[in-house]
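The C-terminal residue of the sequence shown carries number 889 in our numbering, and the numbering is unbroken. Here the structure comes first, spelled out in structure tokens, and everything after it is commentary.
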Amino acid sequence: MLTNIFARKQNQILDELYKVSRIASAGSQARGIQKVIAYAAEELAKLGFENHFVKGDNANVPLLESTYKSNAKNPLKIALVAHADTVATLRWKRHIKINGDYIIGPGVADNKGGIITMLAALRKFLVARQSIPFEIRVIISSEEEIGSPSFQNYFQQIKKNLDFCFGFEPALGDGDIINQRNGNYWVEVIAKGIEAHCGRAKGEELNAFHDFSQKYQKLLKQVSPHNDLRLHLGSIQSNTSTFNIVCGLVRAKIDIRFSEIEDLNVFLPKLHRIFRADIAKNIFGESVQYDFEVHDFCPPMRNQNSTYDFVQTYLDTVERLEKRRPDIAASGGASDLCYLNTKNNVCLDGFGPIANGMHRQDESVYIPSLTTRSEAFCSLLNSLAQRMEASYGNSISC
Ligand SMILES: [Zn+2]
492 MLTNIFARKQ NQILDELYKV SRIASAGSQA RGIQKVIAYA AEELAKLGFE
542 NHFVKGDNAN VPLLESTYKS NAKNPLKIAL VAHADTVATL RWKRHIKING
592 DYIIGPGVAD NKGGIITMLA ALRKFLVARQ SIPFEIRVII SSEEEIGSPS
642 FQNYFQQIKK NLDFCFGFEP ALGDGDIINQ RNGNYWVEVI AKGIEAHCGR
692 AKGEELNAFH DFSQKYQKLL KQVSPHNDLR LHLGSIQSNT STFNIVCGLV
742 RAKIDIRFSE IEDLNVFLPK LHRIFRADIA KNIFGESVQY DFEVHDFCPP
792 MRNQNSTYDF VQTYLDTVER LEKRRPDIAA SGGASDLCYL NTKNNVCLDG
842 FGPIANGMHR QDESVYIPSL TTRSEAFCSL LNSLAQRMEA SYGNSISC
């Protein structure tokens, strides 16, 4: 009997994921992204959420912010975060396939599986409740895959008021959830020297590569083995390809990874100082000039002083249903949670289903995990609610 109910529920969630996955919503497909967001907004409205659309600075499609208010005085604020855009494009609707225990196709996991898992968990959690002791804010970005650049100001504004952020990116390979993500900073360093004929130059030349390479060596020495900051040079280009011209321009792409924002804050002024210092001057007293173009800046996701005791219920439920207890682990990639993380809140990600082949045409979701993960997330919300109600002295209603 129980197995039948479980199977029926699994089929409903799968039907919903199949339907939403057949909407093509890669980064350039604004109409599809809009449709996925509209679907989520409609489903959330049915549950009693109030929808609000955030236009952002330059977005093609607004972000969805959908709030379920609480009657409690100063309620805890919880954000559930997902996104409607995908990396790979769905060319034909029939490219979404179900094969045994897997649903396969671009975006099924990242992040439509996350949206559907979240909706299923919220339906189950809210059906038994008149009111809730915390405020839930669902955030669905329209451009997460490019780092949500249009919503940086919005994230800055709201993050101070959030106590918990739960992300619905797919779980890690073994089904683990994520408590840490590294940050990255991509800067293109442009060195402008003065070209001249190598044989005929009389001191008016400024070799941009000589200057850059000496300074880069200095910069490498600033990377301390005592912290987690990593520095790499990804590519270097000049504007000429001959032997006999003094190199007049260098463009170098530098990738910096870090687990602590403080390490970056100490390192960046050193980088600017080193490159802007004069090393060589030509006969006119000129030196190589430097410009810096930042292509990406994503802060790390860290949780200070969290014991994660509030997610034990989630892990227990997954263990009971999947017969394996997930770990809480670090992930290399970034997500919107990186922008919502502060010293005072707790951000955990990977509450979506178990997935394979992220960002590929054959991305897949392990179908039973849609049910197990939404059940487990519902139990997490219940256990948080019970804790809050106990502390407010209210009765437990679920
Ligand atoms: Zn994603």
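Glycine is no exception: its CB is placed at the ideal position from the N, C-alpha and C atoms.
Heavy atom of ligand 1 within 7 Å of residue i beta-carbon
i	result
Asp601	yes
Ser826	yes
His574	yes
Glu660	yes
Glu635	yes
Candidates the options: closest to residue i by CA position
i	options	result
Ile727	Val714, Ile736, Val741	Val741
Ile569	Gly518, Ala532, Gly547, Leu653	Leu653
Asn730	Asn698, Gly664, Lys526	Asn698
Thr580	Leu567, Gly596, Val572, Asn590	Gly596
Phe646	Leu554, Gly848, Lys526	Leu554
Ile589	Leu663, Ile770, His543, Leu508	Leu508
Ser797	Ala682, Arg764, Asn832	Asn832
Gln708	Phe540, Ser633, Leu762, Glu696	Leu762
Leu724	Ile736, Val737, Ser704	Ser704
Gly776	Gly694, Asn495, Ala498, Leu871	Gly694
Gly739	Lys712, Asn773, Ile752	Asn773
Arg614	Ala536, Glu634, Val757, Asn602	Ala536
Tyr744	Asn562, Arg764, Val678	The residue asked about is misnamed: residue 744 is Lys in this sequence, not Tyr. Out of Asn562, Arg764, Val678, Val678 has the C-alpha closest to the C-alpha of Lys744.
Glu533	Gly547, Val511, Ala515, Asn602	Val511
Ile524	Asn495, Leu505, Phe540, Val578	Val578
Ser822	His543, Glu660, Glu556, Lys650	Glu660
Gln643	Arg582, Pro566, Val545	Val545
Ile752	Met792, Arg764, Gly841	Met792
Lys814	Gly591, Pro760, Ser860	Ser860
Gln803	Cys789, Leu711, Pro790, Ile819	Ile819
Val599	Leu871, Ser855, His574, Met879	Ser855
Arg851	Asn602, Ala619, Val785	Asn602
Arg513	Asn495, Asn542, Leu567, Ile587	Ile587
Distance between beta carbons of residue j and residue i, contact taken as under 8 Å
i	j	result
Phe616	Cys838	Contact doesn't hold; Cβ gap of about 20 Å is too wide.
His701	Ala771	7 Å
Ala687	Tyr781	Actually they do not touch by this definition, with Cβ atoms about 20 Å apart.
Ile666	Ile845	Note on residue identity: the sequence assigns Gly, not Ile, to residue 666. Yes, they are in contact, since the Cβ atoms of Gly666 and Ile845 sit about 5 Å apart, within 8 Å.
Val572	Gly658	5 Å
Ile631	Ala692	Contact doesn't hold; Cβ gap of about 59 Å is too wide.
Ser633	Asp576	6 Å
Tyr805	Leu755	At roughly 31 Å, the Cβ-Cβ gap does not stay under 8 Å, so Tyr805 and Leu755 are not in contact.
Ile662	Gly843	With the sequence shown as reference, residue 662 is identified as Ala, and Ile is not the correct amino acid for it. About 6 Å separates the two Cβ atoms, so the contact holds.
Near ligand 2: residue i beta-carbon under 7 Å from a heavy atom
i	result
Cys689	Absence of ligand 2 is noted for the structure shown, with ligand 1 being the only ligands found.
query: Does the stretch 739 to 750 come close enough to the stretch 710 to 728 to have 3 or more Cβ pairs within less than 8 Å?
result: yes
- prompt: Using 8 Å as the threshold, is the stretch 872 to 883 in touch with the stretch 614 to 633, meaning 3 or more CB pairs across them?
  reply: Two segments are said to touch when three or more pairs of C-beta atoms, one from each, lie closer than 8 Å; by this definition the stretch 872 to 883 touches the stretch 614 to 633.
task: Indicate whether the contact test is met: 3 or more Cβ pairs, each with one atom in the stretch 515 to 526 and one in the stretch 542 to 557, closer than 8 Å.
output: yes
query: Should the stretch 605 to 614 be regarded as contacting the stretch 845 to 865, the criterion being three or more beta carbon pairs within less than 8 Å?
result: yes
message: Three or more C-beta pairs under 8 Å: does that hold for the stretch 655 to 669 against the stretch 812 to 831?
response: yes
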